[in-house]
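Data first, discussion second: the structure below is written as structure tokens.
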Amino acid sequence: MPDTTPSPASATNSSRASYDNSSSTAGRLAQNSLFEWFARGGFVVSGIVHLIIGYIAIRLALGGAAGTADQSGAMTELAAKPGGIAALWVGVVAFVIMGLWRLAEAALGSSSRPGADSKKSEIIDRVKAFALAVVYFSFAFSAFGFARGSGKSSSGQSAGTTARLMHTTAGTIALIAGALVIIAVGGYHVYKGISRNFLDDLEGTTSPLVRRLGMVGYIAKGLAIAAIGLLVILAVNQSEPDKASGLDGAFKTVGAQPYGVALLIAAGAGIIAYGLYSFAMARYAKM
16 MPDTTPSPAS ATNSSRASYD NSSSTAGRLA QNSLFEWFAR GGFVVSGIVH
66 LIIGYIAIRL ALGGAAGTAD QSGAMTELAA KPGGIAALWV GVVAFVIMGL
116 WRLAEAALGS SSRPGADSKK SEIIDRVKAF ALAVVYFSFA FSAFGFARGS
166 GKSSSGQSAG TTARLMHTTA GTIALIAGAL VIIAVGGYHV YKGISRNFLD
216 DLEGTTSPLV RRLGMVGYIA KGLAIAAIGL LVILAVNQSE PDKASGLDGA
266 FKTVGAQPYG VALLIAAGAG IIAYGLYSFA MARYAKM
């Protein structure tokens, strides 16, 4: 009887062919001209949001008008500007398409890394793509609310959710686990900025200015994200859910420290740098 067991080489080739087919499918999706146009537009909207967040943080540091230095605060300000509602609707579409793009990468594999040399790296890439899809869909949902005039403060929602979860042991454990994940995500952003691994996401040769903006932006955003996780742990430890108020709470906590004004201005400038880098992503990101 002939041996029908596939050889290791043929199994590897079959796996590679399957990966190449799924990657090409994701590639065709991402390279559709209309799809790509909206996806790149999502980076522009994200850049605008980060610029406004950074501006609000600096304004808070200088004792300006009150506001929430987070995604909801930025969208509130954007909605109040001429043409802001239209921009938010564009943002809804762009963020949904960016979410679909990342979801396709999570399911089918990335078209921008066809030479991935290990199953482990492929799995990591797919997990990161899925996480980004969740982020972009949440951005779309938030922009949709503000475009319709029914947006809510994300800092208030964070504190409310924390208060509800703290009533049970399982909820408390979930909060701490979630906080550790948030800290890890922030640490990854810092690492990505320091190592300049973000350059792998870009096509072609970038200018020194883009590289500096990316490095400063990723480090600043990573520290801000990690601070959110630390505040959640502090809120649970002290049974004060109001301290878990998201990015706005993180900025205001920084501002309350010694040299807080300088630190908050630096943090705001770093978020602005990330916003400017997002504009470069709109031009150079691999799709």
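Add 15 to the 1-based position in the sequence shown for our numbering, that's all there is to it. Don't be surprised by glycine CBs; every beta carbon is placed ideally from N, CA and C. Note that this is a predicted model, so its numbers are computed, not measured.
The residue from ILE280, VAL225, GLY98 and THR183 with its alpha-carbon nearest to that of MET296 is VAL225. Ranked by Cα distance from ALA281, the first of GLY264, ILE248, LYS236 and ALA250 is LYS236. Contact between the segment 210-225 and the segment 149-169 is absent, with fewer than three C-beta pairs closer than 8 Å. According to DSSP, ALA300 shares a beta bridge with LEU217.
Pairwise C-beta distances place the segment 286-295 in contact with the segment 63-83, as three or more of them are shorter than 8 Å.
The Cβ atoms of ALA155 and VAL200 do not sit closer than 8 Å to each other. Spatial neighbours of GLN86 in its own chain (CB-CB distance under 8 Å, excluding positions within 5 residues in sequence) are listed in chain order as VAL64, ILE68, PHE154, SER157, SER169 and LEU262.
Distances from the alpha-carbon of GLN272 to those of LEU195, ILE240, ALA76 and ILE188 put ALA76 closest. Considering only ILE240, ALA144 and ALA265, the residue with the shortest C-alpha distance to ALA72 is ALA265. Each of GLY244, GLY106, SER48 and TYR299 was checked against the Cα of SER222, and the nearest Cα belongs to TYR299.
Less than 8 Å divides the Cβ of GLY114 from the Cβ of TYR151. It is roughly 31 Å from the alpha-carbon of ARG74 to the alpha-carbon of ASN252.
Positions of the beta strand (DSSP E) runs, each at least 3 residues long and wholly inside the segment 216-282, cannot be given because no such run exists. Comparing C-alpha distances from LYS207 to each of GLU218, LEU190 and LEU228 shows the shortest one belongs to LEU228.
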